[in-house]
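Notes to accompany the following structure.
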Amino acid sequence: MDRVTQTVEIPPKRQTRRHPTEWKRTIVALTFEPGASVARVARENGINANQVWAWRRLHAQGLLTDDAIPDAMLPVVVNEPSQPSMALEVPTETDNIPSGSIQIQHGKTSIRIEGAPDPDVLRSVLDRILR
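As numbered in our numbering, the sequence shown has no gaps in its residue numbers, which increase by one up to the final residue, 235.
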């Protein structure tokens, strides 16, 4: 069976724009002018009309101000632990190996797998048999 490989270029994810508060207030003010339309103002400024409506709601609530955003920096005090920490038991790799078996039948072929096989080997065997 021939395989065809094709390279597909995925465009980078768009970053969220951060518009200055003063610019947002200017856009909102333009929508309140006589005969103005939110959709037209948004289109003329290259933004989505839904975004302008959201800014209008913030303006109506008095939240479209520079001081409406609270400071993100808070003081932090780091204390040493009062008691030494208890050592945690780290599970060994043998604890994670599942025991058991699985049997697969496909046509005249029968496969029995016990323990935890290597995923790559299992994938290769199943791919070959299930063709």
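We put the CB at the ideal spot given by N, CA and C, even for glycine. Just so we're clear, the structure is a prediction, and the values are computed from it rather than from any experiment.
In this structure, DSSP gives Arg227 a helical state, which the three-state scheme calls helix. Taking 8 Å as the upper bound for CB-CB distance, Ala146 and Val156 are in contact here, some 5 Å apart.
For Arg232, DSSP assigns no beta-bridge partner whatsoever. For secondary structure counted as the alpha helix (DSSP H) over 4 or more consecutive residues, the segment 137-176 holds these complete runs in sequence order: 142-148, 153-164.
Between Ala153 and Ala164, the beta carbon gap of about 16 Å keeps them out of contact (Cβ cut-off 8 Å).
Arg216 has Gln207 as its beta-bridge partners, per DSSP. Collapsing the DSSP output to three states places Ile114 in coil. Contact annotation: Asp170 and Thr125 have beta-carbon atoms nearer than 8 Å. Judged by their CB atoms, Ile233 and Ile215 are nearer to each other than the 8 Å cut-off. Here the alpha carbon of Gln119 sits roughly 19 Å from the alpha carbon of Trp127. In this model, Pro223 and Gln110 are separated by some 26 Å (Cα to Cα). According to the DSSP assignment, Glu184 belongs to no alpha helix (DSSP H), since it is labelled neither H nor E.
Across the structure, Ala158 and Leu168 are spaced so that their CA atoms are roughly 10 Å apart.
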